[in-house]
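Participant:
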Amino acid sequence: KGHSISKATVYNTLNAFAEKGLVNQVAVDPYSQGFSSSSMSKTSASSEGYGMYAIVDYIYNTSNLNYIDKTRIAATGHSAGGLAAVRGAQYFGKEAIFRETKSKLHSVYISGMLYRGLEEKNLAFIRSNTGLSYAFHDEGAFRNINGNGDMRYAPEAIGLVNSGLNLKDKINDSLSIGRYYGALEDRTLRVVHNEKVLHPFQPYSSEATKNQLNFFNKVFLLNTGLSSKNQVWYWKELFTFVSLICSMLMIVPLTSLFLRTKVFRTIKKPMADALPSPSGKAKTVFWVIFFLTAFIASVSFIPMSNLSLRLFTDASTRVATWFFPQRMNNAVMLWALLNGTIGLVIFFISNKFFHNSDDRTVIERMISLSKMEIGKTIILSLLVFLSYFGILSLVYYIFHVDYRILFIGVRIFQPDVLIVWLMYIPVFFLFFLSNSLRVNGSIFYKGIGEIRGMLFSGLATTLGLIIILLIQYVCLLLTGKIFWTETNLQWLYVNLLFGVVPMIFILPIFNRYFYRMTGRVYLGPLVTCFIFIMILSSNTVCYIPL
Numbered sequence: 013k014g015h016s017i018s019k020a021t022v023y024n025t026l027n028a029f030a031e032k033g034l035v036n037q038v039a040v041d042p043y044s045q046g047f048s049s050s051s052m053s054k055t056s057a058s059s060e061g062y063g064m065y066a067i068v069d070y071i072y073n074t075s076n077l078n079y080i081d082k083t084r085i086a087a088t089g090h091s092a093g094g095l096a097a098v099r100g101a102q103y104f105g106k107e108a109i110f111r112e113t114k115s116k117l118h119s120v121y122i123s124g125m126l127y128r129g130l131e132e133k134n135l136a137f138i139r140s141n142t143g144l145s146y147a148f149h150d151e152g153a154f155r156n157i158n159g160n161g162d163m164r165y166a167p168e169a170i171g172l173v174n175s176g177l178n179l180k181d182k183i184n185d186s187l188s189i190g191r192y193y194g195a196l197e198d199r200t201l202r203v204v205h206n207e208k209v210l211h212p213f214q215p216y217s218s219e220a221t222k223n224q225l226n227f228f229n230k231v232f233l234l235n236t237g238l239s240s241k242n243q244v245w246y247w248k249e250l251f252t253f254v255s256l257i258c259s260m261l262m263i264v265p266l267t268s269l270f271l272r273t274k275v276f277r278t279i280k281k282p283m284a285d286a287l288p289s290p291s292g293k294a295k296t297v298f299w300v301i302f303f304l305t306a307f308i309a310s311v312s313f314i315p316m317s318n319l320s321l322r323l324f325t326d327a328s329t330r331v332a333t334w335f336f337p338q339r340m341n342n343a344v345m346l347w348a349l350l351n352g353t354i355g356l357v358i359f360f361i362s363n364k365f366f367h368n369s370d371d372r373t374v375i376e377r378m379i380s381l382s383k384m385e386i387g388k389t390i391i392l393s394l395l396v397f398l399s400y401f402g403i404l405s406l407v408y409y410i411f412h413v414d415y416r417i418l419f420i421g422v423r424i425f426q427p428d429v430l431i432v433w434l435m436y437i438p439v440f441f442l443f444f445l446s447n448s449l450r451v452n453g454s455i456f457y458k459g460i461g462e463i464r465g466m467l468f469s470g471l472a473t474t475l476g477l478i479i480i481l482l483i484q485y486v487c488l489l490l491t492g493k494i495f496w497t498e499t500n501l502q503w504l505y506v507n508l509l510f511g512v513v514p515m516i517f518i519l520p521i522f523n524r525y526f527y528r529m530t531g532r533v534y535l536g537p538l539v540t541c542f543i544f545i546m547i548l549s550s551n552t553v554c555y556i557p558l
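Under the numbering used here, think of the first position of the sequence shown as 13, with each following residue one higher.
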């Protein structure tokens, strides 16, 4: 896989493989992700296959895994994982040419990668059957030679097919999607698929999974009698989603249990009266702030993403570092820092100039807490954090599953991720605290109702980011190309929002519940910041030197 969720992204495909009889599988977290170590190489996908080369050599060169047929080793991956797969075909192809043997990789299947790895000079080294699956609506298609995701006329796809054909059989202008070219016995079989999905949804497409299953059934001459259309992986996806929901629902009652103890009981304070519903000038100010903050959130995300590339040069260039090593999260962090700071400034300015003394007294009660109580609040938040991930670890140990749905995954983590977590927490906390103040001190006026207020708060928090997604995909729908194409990474940062927006939407809901439990605005942002930032930290590429 590429920059997020790691090996879990290909679980659906692997589950489908196992269901159809392909049971000997090894799924790895790429280097610098999940439970894999880091790599000192800046081109790990090409030079190491993110660890895949070592696994293939281990299987092929030792007798430890004697239940695996060494003549039928294959590799598959999505996005940057697809690049690793095709580079593996070229790496072991070069080795086979030098030794005058067959390649250790019988076949490879490339998913979601086109603009790298399929150069003519490198295709000549492939000695494996090769399948290519590229989403017709892939957001990164602007980088391709033709600038789109139509594989019928893509020079890269045509070049791949021609790499397995004799000179007289080569194609020039277009290829047939789903047609097999070349010869299986010579390991020159080629096929190209072009599913009409988006890049991040490709691993979750039943059609894409079917095409990949059919490819491996064909190259390995399998006849299980089971249709590749009959898939059950989405049931696992559904139930892990239920687990994710249950885990989130558990946070509030779990915290309530701790608050009943003698140690933490003193944190609970009477809740201040809600501010009166805004009217007249105050109502105008309320809506101006609502749309102004949404506008700032929308227009600042891409500039902050670009700024992260310049501020964190090591992480941006895949150099191992202890200084904010998470390339993708750095963009979100800078956005959160900017918007959290602006949110706090706007909150206190509006409180000073547009609220009367009684209103200001209410807000002062929300934020007043002694040093001892602040210390207890932090300790309580840490206990909730440890309990949450402790229960997850127990679930994973017993059932070997975690909590996830599509782009959101709550997974167990390595101890060294705690160092990274501690690095990001202080910066992100400003945004979480700002949100708690805004939700409880600005949005929940008298008469708004809890459910209505929570939904409105979620919309207010995420509207700016939702606008970014709308701009990106409405542009893709109308023109066939995404809106942000200035750099190779901008579209990936926008894709990141598919996982960020749901988390930010539920943030004010937690902040409201915790405020009602304690009468103060601190417990909510502390608990959610600890848990949510660990979710972000353990689900993306992390270039730490370990």
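Glycine included, every Cβ here is placed at the ideal spot set by N, Cα and C.
If we count Cβ pairs, one from each stretch, closer than 8 Å, do we get three or more for the region 137–155 versus the region 197–214?
Facilitator: Short answer: they touch.
Participant: DSSP three-state label for L144, please.
Facilitator: Taking the first residue of the sequence shown as 1, we reach residue 144 at position 132. Here L144 sits in strand by DSSP.
Participant: Does the beta-carbon distance from R99 to G61 come in below 8 Å?
Facilitator: Taking the sequence shown and counting its residues from 1, one reaches residue 99 at position 87. Taking the sequence shown and counting its residues from 1, one reaches residue 61 at position 49. Yes. Within cutoff.
Participant: Residue range of the beta strand (DSSP E) that R202 falls in?
Facilitator: On the sequence shown, position 190 is the one that residue 202 refers to. Note, R202: beta strand (DSSP E), R202 to H205.
Participant: Would you tell me roughly how many angstroms separate the C-alpha atoms of F360 and T305, rounded to the nearest one?
Facilitator: The residue given as residue 360 occupies position 348 in the sequence shown. The residue given as residue 305 occupies position 293 in the sequence shown. If you take the alpha carbons of F360 and T305, they lie about 14 Å apart.
Participant: The alpha helix (DSSP H) with Y121 in it runs from where to where?
Facilitator: The sequence position of residue 121 within the sequence shown is 109, counting from 1. Y121 -> not in any alpha helix (DSSP H); beta strand (DSSP E) instead, spanning S119 to S123.
Participant: Leaving aside the five residues before and after R277 along the sequence, list all residues of the same chain whose C-beta is less than 7 Å from its C-beta, in chain order.
Facilitator: Here residue 277 corresponds to residue number 265 of the sequence shown, with the count starting at 1. Only L271 meet the Cβ criterion.
Participant: Relative to the C-alpha of K248, which residue among V451, A28, S393 and S59 is closest?
Facilitator: Taking the sequence shown and counting its residues from 1, one reaches residue 248 at position 236. Among V451, A28, S393 and S59, the Cα nearest to that of K248 is on A28.
Participant: Rounded to the nearest angstrom, how far is the Cβ of F298 from that of G476, given a contact under 8 Å?
Facilitator: Within the sequence shown, the letter at position 286 stands for residue 298. Within the sequence shown, the letter at position 464 stands for residue 476. Actually they do not touch by this definition, with Cβ atoms about 17 Å apart.
Participant: So, helix, strand or coil for A136, using DSSP?
Facilitator: As a working mapping, residue 136 is identified with position 124 in the sequence shown. Reduced to three states, the DSSP call for A136 is coil.
Participant: Grab me the residues of S312's own chain with a C-beta within less than 7 Å of its C-beta, minus the 5 sequence neighbours each way, in chain order.
Facilitator: Position 300 of the sequence shown, counted from the start, is the residue given in the question as residue 312. Once the five neighbours on either side are set aside, the close Cβ partners of S312 are W347, L350 and N351.
Participant: Report the rounded CA-to-CA distance for G14 versus M125, giving the unit in angstroms.
Facilitator: Residue mapping note: residue 14 aligns to position 2 of the sequence shown, counting from 1. Residue mapping note: residue 125 aligns to position 113 of the sequence shown, counting from 1. Since pLDDT at G14 reaches only 46, below the 50 mark, its modelled position is unreliable, and the value read off the structure follows with that caveat. About 10 Å.
Participant: Compare the beta carbon distance of N447 and P514 with 8 Å and say whether it is the shorter of the two.
Facilitator: For the purposes of this step, residue 447 is taken as the residue at position 435 of the sequence shown. For the purposes of this step, residue 514 is taken as the residue at position 502 of the sequence shown. Contact: no.
Participant: So, is Y146 buried or exposed, given that buried needs 16 or more other C-beta atoms within 10 angstroms?
Facilitator: Residue 146 sits at position 134 when you count from the first residue of the sequence shown. Y146 is buried by the Cβ-count criterion.
Participant: Check whether the region 166–185 and the region 111–121 are in contact - that is, three or more C-beta pairs closer than 8 Å.
Facilitator: At 8 Å Cβ cutoff, the stretches do not touch.
Participant: DSSP three-state call for H15: helix, strand or coil?
Facilitator: Residue mapping note: residue 15 aligns to position 3 of the sequence shown, counting from 1. Unreliable placement is indicated for H15, whose pLDDT of 49 sits below 50; the coordinate value is still reported in the next sentence. Here H15 sits in coil by DSSP.
Participant: State the Cα-Cα distance for the pair T473 and F137, rounded to the nearest angstrom.
Facilitator: In the sequence shown, counting from the first residue as 1, residue 473 sits at position 461. In the sequence shown, counting from the first residue as 1, residue 137 sits at position 125. Taking the straight line joining both Cα atoms gives about 51 Å.
Participant: Could you spell out where the beta strand (DSSP E) holding A87 opens and where it closes?
Facilitator: Here residue 87 refers to the residue found at position 75 when the sequence shown is read from its first residue. Taken as a continuous stretch (DSSP letters only), the beta strand (DSSP E) holding A87 covers A86 to H90.
Participant: With 16 as the cutoff for other CB atoms within 10 Å, does A327 come out buried or exposed?
Facilitator: Position 315 of the sequence shown, counted from the first residue, corresponds to residue 327. Buried is the call here.
Participant: Does the beta-carbon of G536 have 16 or more other beta-carbons within 10 angstroms, so that it is buried, or is it exposed?
Facilitator: One-based indexing of the sequence shown puts residue 536 at position 524. Counting Cβ neighbours within 10 Å, G536 comes out buried, since at least 16 surround it.
Participant: Can you list, in chain order, the residues of its chain with a C-beta nearer than 8 Å to that of F443? Leave out the 5 residues immediately preceding and following it.
Facilitator: Numbered from 1 along the sequence shown, position 431 holds the residue referred to as residue 443. So the list reads A348, L349, N351, G352 and G355, once near-sequence residues are dropped.
Participant: Give the DSSP-derived three-state secondary structure of R416 in the structure shown.
Facilitator: Counting from 1 along the sequence shown, the entry for residue 416 is found at position 404. Looking at R416 - three-state DSSP - the assignment turns out to be strand.
Participant: Give a yes or no on whether the C-beta atoms belonging to P212 and F517 are separated by under 8 Å.
Facilitator: By 1-based counting over the sequence shown, the position of residue 212 is 200. By 1-based counting over the sequence shown, the position of residue 517 is 505. Cβ distance not < 8 Å, so P212 and F517 don't count as in contact.
Participant: Thinking C-alpha only, which one of I478, I424 and Y193 is nearest H412?
Facilitator: By 1-based counting over the sequence shown, the position of residue 412 is 400. Nearest option by C-alpha distance: I424.
Participant: Please report the Cβ distance between Y400 and I279, rounded to the nearest whole angstrom; I am assuming they are in contact, meaning their Cβ atoms lie under 8 Å.
Facilitator: Stepping through the sequence shown from its first residue, residue 400 is reached at position 388. Stepping through the sequence shown from its first residue, residue 279 is reached at position 267. 18 Å between Cβ atoms; not a contact.
Participant: Shortest alpha-carbon distance to R407 belongs to which of S393, L418 and V422?
Facilitator: Counting from one through the sequence shown, the residue named residue 407 turns up at place 395. A quick correction: the sequence has Val, not Arg, at residue 407. It is V422 whose Cα lies nearest to the Cα of V407.
Participant: Which whole-angstrom value is the C-beta distance of A101 and V120, which I expect to be below 8 Å?
Facilitator: The residue given as residue 101 occupies position 89 in the sequence shown. The residue given as residue 120 occupies position 108 in the sequence shown. Yes, A101 and V120 are in contact; Cβ-Cβ is about 4 Å, under 8 Å.
Participant: Are S621 and Y72 close, meaning C-beta to C-beta below 8 Å?
Facilitator: The question about residue 621 has no answer here: the residues shown for the chain are numbered 13 through 558.
Participant: Taking A153 as the reference, which of W496, L381 and G453 has the closest Cα?
Facilitator: Taking the sequence shown and counting its residues from 1, the one referred to as residue 153 is at position 141. Considering only alpha carbons, the answer is W496.
Participant: Near F302, which residues of its chain fall below 7 Å by C-beta distance, leaving aside the five closest residues on each side in sequence?
Facilitator: As a working mapping, residue 302 is identified with position 290 in the sequence shown. So the qualifying residues of the chain are A472.
Participant: Helix, strand or coil for L346? Go by DSSP, reduced to three states.
Facilitator: The sequence position of residue 346 within the sequence shown is 334, counting from 1. In this structure, L346 counts as helix in the three-state DSSP scheme.
Participant: Would you call the CB atoms of A332 and I556 closer than 8 Å?
Facilitator: As a first step, residue 332 must be located in the sequence shown, where it is residue number 320. As a first step, residue 556 must be located in the sequence shown, where it is residue number 544. Yes, Cβ-Cβ distance for A332 and I556 is below 8 Å.
Participant: Which same chain residues end up closer than 7 Å to N8 when comparing Cβ atoms and leaving out the 5 residues on each side of it in sequence?
Facilitator: Here the chain has residues from 13 to 558 only, and residue 8 is not among them.
Participant: Given this structure, state the Cα-to-Cα distance separating F228 from L538, to the nearest angstrom.
Facilitator: Within the sequence shown, the letter at position 216 stands for residue 228. Within the sequence shown, the letter at position 526 stands for residue 538. Computed Cα separation, rounded: 48 Å.
Participant: Return the chain-ordered list of same chain residues with a C-beta closer than 6 Å to the C-beta of V1, the five sequence neighbours on each side being excluded.
Facilitator: This structure does not reach residue 1, given that the chain is present from 13 up to 558, and the question cannot be answered.
Participant: When you compare only the Cα positions, how much space is there between Y192 and V204?
Facilitator: Here residue 192 refers to the residue found at position 180 when the sequence shown is read from its first residue. Here residue 204 refers to the residue found at position 192 when the sequence shown is read from its first residue. Roughly 8 Å separates the two Cα atoms.
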